[in-house]
Structure formats: structure tokens, C-alpha cells
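Following: one structure in C-alpha cells, then a few remarks.
2 protein chains.
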Amino acid sequence: MRVGVIGVGCSKFGVRECTLQELAFEAVMEALKDADLSQEEIDLSVVGCVGTRSYELMPAVVVNEYCGFSGKGPLRVEAACATGSAAIYSAFSSIKVGIAEIAIAIGVEKMTEVDTATSAAIGGRAGNYLWEHHFYGTTFPAYYAMHATAHMAKFGTTEKQMALVAVKAHRNAAKNPKAHFQKEISVEEVLGSRVIAHPLKLYDCSPISDGASAAILASEKAVKERGLDAIWIEGVGFSSDTSNMTMRESFVGLRATRLAAEMAYRGAKISEPLKSFDFATVHDCFTIAEIMAYEDLGFCRKGKGGEFVEKGESDFGGKMPVNTFGGLKAKGHPLAATGIAMVYEIVKQLREEAGKLQVDLKHYRALSHNVGGTGHFAWVFIFGR
Amino acid sequence: MRVGVIGVGCSKFGVRECTLQELAFEAVMEALKDADLSQEEIDLSVVGCVGTRSYELMPAVVVNEYCGFSGKGPLRVEAACATGSAAIYSAFSSIKVGIAEIAIAIGVEKMTEVDTATSAAIGGRAGNYLWEHHFYGTTFPAYYAMHATAHMAKFGTTEKQMALVAVKAHRNAAKNPKAHFQKEISVEEVLGSRVIAHPLKLYDCSPISDGASAAILASEKAVKERGLDAIWIEGVGFSSDTSNMTMRESFVGLRATRLAAEMAYRGAKISEPLKSFDFATVHDCFTIAEIMAYEDLGFCRKGKGGEFVEKGESDFGGKMPVNTFGGLKAKGHPLAATGIAMVYEIVKQLREEAGKLQVDLKHYRALSHNVGGTGHFAWVFIFGR
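Residue numbers (numbering that gives the first Met the number 0), protein chains in the order written: chain A, 0 to 384; chain B, 0 to 384.
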């Protein structure tokens, strides 16, 4: 019995003057309207929220209350920046088990409530607490900077190649009214922006954005009974990895991504990603993360990610358009909202409702790739129409 | 395809001088030994942790790392004080879907890291934030005090009847080496203890305990292949309710409990609870909560819960022995650990490994009932051997 996505919603990402629950409401209402459903028709609500930059420590309670799901939301899930995917999984598996016919996954994050210094003191802990974070002060940009320098040293990846990821992201986001940033930038601007953690500069980093997203999933039975047009979940993959960076086998990629992709590809019987997907959404929290994702997901060989973006292969018309809505880098990265915002993008594209950002469809199949921490968690979903 | 529990572990509950991950380790190692498995044989680890009284805001990362599941733990779940049950559900549904054959649910809470005042300022938010919590100062004892006064006014329930719940809990806990409190108390001591929120006194309230618990679940296939003795999950029920107490239909019970029980009973085809279960574990965060649970779970008519405990019906030899290991009230209530500690108790009893606390078995079937907040979340599981 298949499970499909029948409705999606996404709030405007950015610095938002509203509460956590109001943000969620914006996405939920769009998703309900999209699926032509009322709250009463939803059997289960799964709320994804990390919450390290918000004062709301039991977010499912207030979000469900405000969105009209107070009788339908028995749990919250969290997997750092991959929380949205964990929420999709929880809704998916509840339907698959037969416990729900229609379920909503909500991802919401109020990121501008707690300041960065306070948040870093706690949020940085997804790394190895004692040694890396407290003793050496490694925060997320520093972790990804280690990946970037390793990739540069081993494969000759350049700062310009990384900059091209940011330029592409901003160019796409400029056409996406829901994106945090809607201004194009040049390679020179990226290279000239201030250094955050060498070699990553300001424009190599995703922003601190408030945002919410929602996806309504339904059983094949419910889809058919209602005569709906669903986007089917064809593959599910997840993995996790040590949080102790000194124990990682390598810095030039994320093992969790590789293992999650293998699991999803196995389930969906995908052997050649480039010949199977029309486009992909990947976790580009930093520009180097997108380059590593091309490789770890099998879009190009390990070490060739820099070339892949330089040749335009991840742009419209390339071998695998990636992050057509602007990615985490320019659309924004409200932690728990990110994984479900990827599903929003995939559904819009596969339905050919992406307007100026529409990709050409041939396989009617796409992939989402969502990472938590620095590869502590990884989730991959495959969607098909 | 059924799912069964094949191994359980539980740390000593109490004020523990160790970290969150060390606590979890204690429970995990016992569960692995109980199931005769190594970490490598586990496909999935689900970590339940509320975290409002701990500094570890992404607990799954550190817990999985320390317990040897760094490659196996793609998510954390939370449902306030019902978090442990949500973790059981997540492991259960992952096996049921076929994504895992063997999964571990870990519930862990470090409660003595953040002081009560700080925690109340944030943790109390599972109530309606603006009106109840900030304006009127309602904390958890105050919420349950409202339930108690309503129950007394409507049904004549007495403070002595509530005290009897505490006396029973302490009597059982005194024989449980893992319990936080191991000292019997008298009705007079309960009635004479200081008032926390009238009519609830100190001994009507569960303590602030550190603790962890773990349960290993397996598919029927894995159970048979290994020739194991499993305790089967025969019913699953959940519900949630408004966090705005002014919108609740009544204060003399918890609607979420009733709905969760209905769902679980329907799934397991239970029509007469008293004739179906040998014993039950219920969510006695306050003595009045246990009395309401007798009624909401169908062990007696609404309003008769006080009488039920007074006549010894919830004690050994009664119609439905409840909380034979001491309950939240005396064994302790480390939020996320509680729901899985109930499974620990059920497995030990159904295997007839409960020693001095063993109940007589006839149906070889029992129930766990776990509440989040003041009935914001409720989970009911039915287990059978």
C-alpha cells in the first residue's frame, strides 16, 4: 500500500515578526487548502521542531492547538536540521502501518527568538560536546570549514566553485517569493564577503531564518477514494553517524548521506540516479555541503562536485538541477521546516506548478536529501508522480 | 506481522550523579543483555527525551553515541511526560512497516541538572502559556489540584482516598531496588505533609527523578528465528487534547486517556478491561491522576475511583493491581523514561520475573497508560504473552 503527498504548504521564510504557532499556521492553512481538506479530516499531526533558538520547549502542544489539531497530535520529532524529514517519516510510517489514513507533517522553527551566542552555546552541542565544541570552539561553520579545506586539499576544489553554489542559489531564490533572500549575487561578491571560518565566507553560509512548512500524506486508499493527484513516496532512507569528528572516516563527504541514499535507492530500485531523477533538493547549509552531496548521492564521482557545479550540471538544463527554489543557502534554513520545504518544492515541480522555476520533467521522479548536524543524521526520500 | 518486546532495561531512578548518556547506558546495557543482543544487531534506535530540565538540547546525538548506536539513531521523539510511549510507538511502527527488524526505544531524562524554578518557567508551558501559566502561575501541581478539587466536589472523593494511592505506591516501591523512594509511608504522613497546591500535599506528588529505561522490540520473524520469548504488543492507542484548560469539557477525567484507551481496546478487541488484564501500569504523576485513570481506562465507573483504591481493588489481589513497581509516585518520574519503565514492569511481570512484587497471572495480558502534560498527550499500549 503506497503513501502519497496530497497537499503542501510553506510560509514565507525570513525574519518573521510572529510566534512559532502563527508561522506553522501559515504553512498548515496552505497545505489544507492545497489538499482541499479541513482539520477534521486529518487523523494524525506530527510536529517537527528543533527548538534550540526558541523559548517554546514543548512546541507540539502550542502548534497543534493553534492549527486546530489539538486532538490529533500525540508526538513531536527531532533530528537536528533533518527534523522535517523525521516528521515526514513518522507520518508516512503511521499511514503505512494503518494507524492513520491521512496525516500531516509540520516543520516549524522560530530562529530569531534566541540570539546566536546563546543558541551556539547549546545548539553547537550536536557536535562532540567536550572536546570539539567547548575546548576548540567549533561551531557549525567551523565544522563545514573542515570539510571544505579537506575537499580542497584532496581534490583541488576551489573557493570559486563553492561560490558558484551560492550564486546559483541566490539566482533561483530571486524568483521564489517565499525565499528569505531575493537578490542575485555575483561570484565576486561571494569571494569578497567576510570570512566566517576559512575558507567559508558569509555568502557560503545559509542564513538564520524563521519559517514553517507542512505536507499532508495519505494512504493509496484515501487518495483513490478522493480522486486526488498524489506524489508518491517511492523510497525512504536514513542513517546517522558519530558526533565525534575525530572518529569520522573522512572529511570529504558524509557517510550518513551515502548510507541513507543507498537505503532509499535500494527500496526504490534506483541504480543510476542521473537517469532516474529530473531534479533534486539537497542539504546546502554551506556551499561545500552541496558539493559533497552531489558526490555522496551519486550525481558525480567523489571529488568531481566542484566541476559539476562549474559546468552548470546542477543548474536548469544540467544533468541534475539541484535546489531550484534557492536551497537552504538562499531560500533559508529554518531547521525543522527545511526537510518539509524540500517536499514542497518537489511536489510543486512534479505537478508542474513551479512557474518561473519549473524544470523539464521526463522521469517524474525527484529526491530530497536532508542532513542533521554535520552528518549526524541524514534522510533521503524519493518521490514520483 | 506482530511486534514483540524481547528485552528491557531500567536504570536506578533517583538523584543520580552522572550524565544523561551515562544514565541511558545503564538501561541500554541491561536491555541488550536481557535480549542477548549486541549493538550491531539493532537496526534502529529511537531516543525519547523531553529535555526541559537538562542542558542537552539534542539528546539523541549524545545518547546514541555513548550507547553504541551512533549509526542507528536517525531521530528523537518527544510528547512531554508521555515521551517514552511515543518512542515505543516509533520503534513499533518502524518494525511494522518493515524498515527495521529489531529496534530499541530509549527513554532518558536528567531532571536534576536545571533547577525547578528555571524549569517551571519553561516546562510549565505545556499548559496554556499566556493565560494559565504566566498570568495565574499554574504549574503542574496546580493543574492536577484543579482535577482533584473537581473530583472531590462532584463525587465526594476524599483526601484520604488519594493518600491511599501514595501509601500503596510507597509500599510497592519499598520492594523495588530501582525505585527512587524505598520507604513505606502511612496515610497520616501523607495527610500531614505540607500542602503544595490544595488539596495535593507533598506526598500526593511524584518526585523529580533522574532515570532511563530501554525496550528492544522485534518483528515476529526475528523473534521466531531466534527462538525468543516475546511479550507482544497487541494494541496501540493515542490521543491528544487542548492545552487550554478552560476549553476542556470536564476536570474529573482526561479525555485524551479515554480516547487512547478506546483506540487501543478496539485494536486489541478488548471489551471488558477487568476481565482482560492481570494488572496495569497507569500515569500517577499525582495521586488524583491514578484515581482518574482507573475510571478513564474502564476499571471502574466514573466517580468510583476513590472507592476502588479504598477497597484495595488496585492492590495485589484486587480486581486490577496497578503500578506494582511503585508507579511514578514512588518509583519516580524521569519524564521520557516513565513510559518505557512501564513496559519494563509489564515485561517482568508477564515473564513472572517480578520477584517479591509478582502478580498472579491468568490472562497474561496487561496495559500501560502514559500521559503527557495534563492530558495533552495520552498513550495506551496493550501487551500480551
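Yeah, the Cβ is synthetic: ideal placement off N, Cα and C, and Gly gets one too.
Limits of the unbroken beta strand (DSSP E) element including residue i
i: Asn369(A); result: 364 to 371
i: Glu108(B); result: 101 to 108
i: Ala279(A); result: 278 to 280
i: Leu74(B); result: 74 to 77
i: Ile5(B); result: 2 to 9
Bridge partner(s) assigned by DSSP for residue i
i: Ile381(B); result: Gly234(B), Leu366(B)
i: Gly210(B); result: Glu108(B)
i: Val194(A); result: Lys200(A)
i: Ser218(A); result: Val2(A)
i: Phe376(A); result: Ser239(A), Gly371(A)
i: Val321(B); result: Ala279(B)
Host alpha helix (DSSP H) of residue i (start-end)
i: Glu187(B); result: 186 to 191
i: Val166(A); result: 158 to 172
i: Gly305(B); result: 304 to 309
i: Arg257(B); result: 254 to 267
i: Met341(B); result: 334 to 349
Secondary structure of residue i, DSSP reduced to three states
i: Ser44(B); result: strand
i: Phe285(A); result: strand
i: Phe154(A); result: helix
i: Cys80(B); result: strand
i: Tyr54(B); result: coil
i: Pro417(A); result: It is not possible to answer for residue 417(A), since the shown part of chain A is limited to 0 through 384.
i: Cys299(B); result: coil
i: Pro176(B); result: coil
i: Ile98(A); result: coil
i: Thr137(A); result: coil
i: Val49(A); result: coil
i: Val432(B); result: Here chain B covers residues 0 to 384 and nothing more, so residue 432(B) does not appear.
i: Ala353(B); result: coil
i: Phe68(A); result: coil
i: Gly326(B); result: helix
i: Glu312(A); result: coil
i: Lys182(B); result: coil
Interface flag, residue i vs chain B, CB-CB below 8 Å
i: Asn243(A); result: yes
i: Trp231(A); result: no
i: Leu74(A); result: yes
i: Ile101(A); result: no
i: Val96(A); result: yes
i: Ser367(A); result: no
i: Leu439(A); result: Since the first residue of chain A shown is 0 and the last is 384, residue 439(A) is not available in this structure.
i: Met57(A); result: yes
i: Gly372(A); result: yes
i: Glu188(A); result: no
i: Thr137(A); result: no
i: Asp240(A); result: yes
is_contact[residue i, chain A] using C-beta, thresh 8 Å
i: Ser218(B); result: no
i: Lys71(B); result: yes
i: Asn322(B); result: no
i: Leu334(B); result: no
i: Ala388(B); result: This structure leaves residue 388(B) out entirely; chain B is present only between 0 and 384.
i: Val61(B); result: yes
i: Val379(B); result: no
i: Ser92(B); result: yes
i: His146(B); result: no
i: Ala141(B); result: no
i: Val222(B); result: no
i: Phe376(B); result: yes
i: Phe382(B); result: no
i: Glu77(B); result: yes
i: Ala152(B); result: no
i: Glu351(B); result: no
i: Ala85(B); result: yes
Unbroken stretches of the alpha helix (DSSP H), 4 residues or longer, contained in the segment 14 to 38 of chain A: 19 to 34
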